[in-house]
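Note that the protein sequences, when read in sequence, are chains A and B. For the first sequence, the numbering used here gives the first residue as 23, with consecutive numbering after it. For the second sequence, the numbering used here gives the first residue as 2, with consecutive numbering after it. All C-beta atoms, glycine included, are put in the ideal place defined by N, C-alpha and C. These notes are about the structure you will find just below.
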Amino acid sequence: GAVVSQHPSWVICKSGTSVKIECRSLDFQATTMFWYRQFPKQSLMLMATSNEGSKATYEQGVEKDKFLINHASLTLSTLTVTSAHPEDSSFYICSAARAGGSGDEQYFGPGTRLTVT
Amino acid sequence: KNQVEQSPQSLIILEGKNCTLQCNYTVSPFSNLRWYKQDTGRGPVSLTIMTFSENTKSNGRYTATLDADTKQSSLHITASQLSDSASYICVVSATKDDMRFGAGTRLTVKP
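Structural data, given as structure tokens:
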């Protein structure tokens with residue numbers, strides 16, 4: 023159990039358009055989901071923490087109006103990159119914390135490769 | 002300054018050999034320390050998780066150690082395989098949702 027999926031696995035979009043990335047916990051309920059960004063040869067950088075039914079908490083330096091996060095249900099969180107620019111090209115990874123768990127159990131999705139042309 | 006430092010940054014070994022990766026941290030308070038394996042273009046997969054009271058944890062050919070006094074951890078890989086080629090990330094949690102990531106060690110196993 024504890025499978026997290028992301029869709030799409032990769033996406034190419036034109037500069038100025040918006041892209042939505044979905045993160046789903048397939049076999050468990052996740053009260054908290056996390057969104058990370060990873061640039062080549064660097065480690066994951068936390069962008070925001072989203073709790074089901076409430077507004078996301080963004081890390082310092084992450085523009086909340088540019089990276090829209092919606093956690094509408096216990097199994098789905100979405101990240102929308104608005105007005106994408108080439109510098110937004112990155113690997114976006116979500117993770118989900120199991121509801122009722124110790125909070126120490128986080129399961130990562132496979133990631134979404136975003137390329138903005 | 003990153004509170005989780007990993008070394009070496011990259012490592013190349015021959016198939017069948019053993020290797021040890023290091024992780025030093027200054028994160029405080031301390032909740033747990035995890036090692037993840039991340040294949041290129043994939044999300045991280047948990048290998049081990051250790052709390053303050055645990056000083057060793059094994060998962061197959063992977064053995065992690067933790068010295069909470071010196072704030073050091075190591076990941077030992079035994080009898081390496083080509084499929085072990087990946088980035089290995091040390092993550093230290095201060096609180097439930099506060100995970101501090103190391104930059105990772107890029108391991109390449111050559112035949």
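Enumerate in chain order the residues of its own chain whose CB-to-CB distance from L67 (chain B) is below 7 Å, with the five nearest sequence positions on each side excluded.
-> Residue 67 (chain B) sits at position 66 when you count from the first residue of the second sequence. Excluding sequence neighbours, L67 (chain B) sits near L34, M51, E55, N56 and S74.
Is the distance from the Cβ of Q4 (chain B) to the Cβ of V28 (chain B) below 7 Å?
-> Translated into the one-based positions of the second sequence, residue 4 (chain B) becomes position 3. Translated into the one-based positions of the second sequence, residue 28 (chain B) becomes position 27. In this structure, V28 (chain B) lies closer than 7 Å to Q4 (chain B) by Cβ.
Is the beta carbon of D106 (chain A) less than 7 Å from the beta carbon of V25 (chain A)?
-> The count along the first sequence starts at 1 and reaches residue 106 (chain A) at position 84. The count along the first sequence starts at 1 and reaches residue 25 (chain A) at position 3. According to the sequence provided, residue 106 (chain A) is Ala. The question's Asp does not apply to it. No, the pair does not count as a contact, with Cβ atoms beyond the cut-off.
Cutoff 7 Å: G61 (chain B) Cβ touching any chain A Cβ = Looking up residue 61 (chain B) in the second sequence gives position 60. No, because no Cβ of chain A sits closer than 7 Å to the Cβ of G61 (chain B).
Residues of its chain near S86 (chain B), where Cβ-Cβ distance is below 7 Å and the 5 sequence neighbours each way are ignored | Against the second sequence, residue 86 (chain B) aligns to sequence position 85. Result list for S86 (chain B): L108, T109 and V110, in chain order.
Who does R62 (chain B) pair with in a DSSP beta bridge?
-> For the purposes of this step, residue 62 (chain B) is taken as the residue at position 61 of the second sequence. According to DSSP, R62 (chain B) bridges with nothing at all.
Determine, using beta carbons only, whether R43 (chain B) comes closer than 7 Å to chain A.
-> Looking up residue 43 (chain B) in the second sequence gives position 42. Contact with chain A is found for R43 (chain B), since one of that chain's Cβ atoms lies less than 7 Å from the residue's Cβ.
Rounded Cβ spacing between Q23 (chain B) and S88 (chain B) (contact assumed at less than 8 Å) = The residue given as residue 23 (chain B) occupies position 22 in the second sequence. The residue given as residue 88 (chain B) occupies position 87 in the second sequence. Not confirmed; about 14 Å, so no contact.
Count the CB pairs spanning the region 50–58 of chain A and the region 93–104 of chain A that are closer than 8 Å, and state whether there are at least three.
-> These segments touch.
Residue range of the unbroken beta strand (DSSP E) whose run includes L83 (chain B) | As a position in the second sequence, residue 83 (chain B) is number 82, starting the count at 1. Neither: L83 (chain B) is in no beta strand (DSSP E) and is coded neither H nor E.
If you measure from the beta carbon of I115 (chain A) to each beta carbon in chain B, is any gap under 7 Å?
-> The count along the first sequence starts at 1 and reaches residue 115 (chain A) at position 93. Output row for I115 (chain A): interface = yes.
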